[in-house]
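Undergrad: Mind looking over this structure? Questions follow.
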Amino acid sequence: MREGAHRWRARLLPLAAALVGLGLIAALVVHIGAGAVGASLAAFGWRALAAIVAIHLGLIAVMGLAWRELLPGTRGWVGIWGRLVRDSAAEVLPLSQLGGYVLGARAVALAGVAGAAAAGSTIVDVTLEFVSQLAYTGLGLAWLIYLRPHAALTGPVAAGLLVAGLAAAGFLLVQHRGFAFLDQLGRAIGRGWADRGAAGAAALHAEIAAIYRRRRRLLAGFLLHLGCWIASTVESWLALKIAGTPLAFGAVLVIESLLYAIRTAAFAVPNALGVQEGAYILLGAGFGLNPEMALALSLLKRARDISIGLPALGLWQAVESRRFLRRSRRA
Numbered sequence: 003m004r005e006g007a008h009r010w011r012a013r014l015l016p017l018a019a020a021l022v023g024l025g026l027i028a029a030l031v032v033h034i035g036a037g038a039v040g041a042s043l044a045a046f047g048w049r050a051l052a053a054i055v056a057i058h059l060g061l062i063a064v065m066g067l068a069w070r071e072l073l074p075g076t077r078g079w080v081g082i083w084g085r086l087v088r089d090s091a092a093e094v095l096p097l098s099q100l101g102g103y104v105l106g107a108r109a110v111a112l113a114g115v116a117g118a119a120a121a122g123s124t125i126v127d128v129t130l131e132f133v134s135q136l137a138y139t140g141l142g143l144a145w146l147i148y149l150r151p152h153a154a155l156t157g158p159v160a161a162g163l164l165v166a167g168l169a170a171a172g173f174l175l176v177q178h179r180g181f182a183f184l185d186q187l188g189r190a191i192g193r194g195w196a197d198r199g200a201a202g203a204a205a206l207h208a209e210i211a212a213i214y215r216r217r218r219r220l221l222a223g224f225l226l227h228l229g230c231w232i233a234s235t236v237e238s239w240l241a242l243k244i245a246g247t248p249l250a251f252g253a254v255l256v257i258e259s260l261l262y263a264i265r266t267a268a269f270a271v272p273n274a275l276g277v278q279e280g281a282y283i284l285l286g287a288g289f290g291l292n293p294e295m296a297l298a299l300s301l302l303k304r305a306r307d308i309s310i311g312l313p314a315l316g317l318w319q320a321v322e323s324r325r326f327l328r329r330s331r332r333a
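The sequence shown begins at 3 in the numbering used here and counts up by one.
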């Protein structure tokens, strides 16, 4: 009974957070003015949406290739497909980012990658992406200091970057040393029901260790992710230019790098609903971006995610259904 209650609670909490986020977005639209936000969205138009969708699809492909670097011998489309499912689930479904990681790993496993390799490469790929994001945030902080030497944000961002760096170091340490504890625990528990879990932990530990021995592939994955972070700035920069409210590329880089740092900190909120909108308004104000345009830019990105995510999840569901039917026929 208690286990069932915990499961329901785990499922309801992300949904409740998503509903709160949607309520916050609605409150912001009402506060700023639905007419003003609508006019800003109209200024972006279909051209801006098509442009950022095309750019983002290209970035997903490159991030998929970064993941594929950790899976030597795997065809390139496998990493791209897994990345597409991962991001689509995280941005469209009422799941935390962790839920997206799970579905992405499953998509790669269904494409023929061994389970331990799918899980281990996901963990390392997420780590590389996080470390490259820290570098991206550091670049944004440096540019913020250059543009606004006395900005109030400088201190909190620097402190947050330090804490995130320590967290990344701890995460890396766990991946190198922490799984040894699981091996020891499995041996201490003994045979029986624990064997399967211990064997899975040992296989995962071995896979992660093997990935970290491929230094050149790790470096390639890191550089690809860092390049994607910097290139993602082009989306907002181009959209604002199309809307007739251009900002300097450096200013947009500061906004985007700090925005994604805030999104990462709020990883438990599905799709960062409400968090992204509030962050855009606060960060944009420091560079002359009015609230209605900042909110419209956030909503434009939501439309981008839905435009990419819904077809991708539909295709993924078709693959899952086909697999289920095959297994049913064999049974």
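Yeah, the Cβ is synthetic: ideal placement off N, Cα and C, and Gly gets one too.
1) Return the CA-CA distance between G84 and A107, expressed in angstroms with no decimal places.
2) Let me make sure I understand the geometry here. Which of S330, I308, A287 has the alpha-carbon closest to that of A153?
3) Give me the residue from G40, R304, I147 with the minimum Cα distance to A160.
4) Write down the C-beta distance between I54 and E237 rounded to the nearest angstrom, noting that I regard them as a contact closer than 8 Å.
5) Counting only the same chain and skipping the five closest in sequence on each side, list residues whose C-beta sits under 6 Å from that of L15.
6) Give a yes or no on contact between the stretch 129 to 144 and the stretch 218 to 229, applying the rule of three or more CB pairs nearer than 8 Å.
7) Short of 6 Å in beta carbon distance, which residues of its chain neighbour I191, apart from the five on each side in sequence? Order them along the chain.
8) Here's the rule I'm using: 16 or more other beta-carbon atoms within 10 Å means buried, otherwise exposed. How should W318 be labelled?
9) Would you mind working out which of G167, S234, G114, G246 sits nearest Y262, comparing C-alpha positions?
10) Going by the CB atoms, is the gap between R325 and L59 shorter than 8 Å?
11) Counting beta carbon pairs with one atom in the stretch 269 to 286 and one in the stretch 208 to 217, are three or more of them shorter than 8 Å?
12) Near A170, which residues of its chain fall below 8 Å by C-beta distance, leaving aside the five closest residues on each side in sequence?
13) Measure from the alpha carbon of A68 to the alpha carbon of each residue in G223, A41, L297, then state which is nearest.
14) Between the Cα of L297 and those of I57, I125, G35, spot the shortest distance and give me the residue it belongs to.
15) Alpha carbon to alpha carbon, how far is L275 from I27? Give it in angstroms, no decimals.
16) Kindly indicate which three-state DSSP category G188 falls into: helix, strand or coil?
17) Determine, using beta carbons only, whether A56 and L315 come nearer to each other than 8 Å.
18) According to the neighbour-count rule (16 or more other Cβ atoms, all chains shown, within 10 Å of its Cβ), is S42 buried or exposed?
19) So, with DSSP's three-state summary, where would you put N292?
20) Give me the Cα-Cα distance between A109 and V87, rounded to the nearest whole angstrom.
21) Which of the three DSSP states is assigned to E322 in this structure?
22) Starting from the C-beta of L174, find all residues in its chain whose C-beta is less than 7 Å away, skip the five residues before and the five after it, and write them out in chain order.
23) So, at 6 Å on beta carbons, what are the nonlocal neighbours of W239 in its own chain, with the 5 sequence-adjacent residues on each side left out?
TA: Inspection of the coordinates gives the following:
1) 7 Å
2) For the residues S330, I308, A287, the minimum Cα distance to A153 belongs to A287.
3) When only C-alpha atoms are compared, the closest one is I147.
4) 4 Å
5) Listed in chain order, the non-local C-beta contacts of L15 below 6 Å within the same chain number zero, local neighbours out to five positions each way being set aside.
6) yes
7) Residue placement at I191 is flagged as unreliable, the pLDDT there being 39, under the threshold of 50; a coordinate-derived value is accordingly withheld.
8) buried
9) S234
10) Judged by their CB atoms, L59 and R325 are not nearer to each other than the 8 Å cut-off.
11) Counting Cβ pairs under 8 Å, fewer than three are found: no touch.
12) T129, F132, V133, L136
13) G223
14) G35
15) 7 Å
16) Annotation note: pLDDT 44 at G188 (below 50); position unreliable, no value reported.
17) Not a contact, by the Cβ cut-off of 8 Å.
18) buried
19) coil
20) 7 Å
21) helix
22) T129
23) F251, V254
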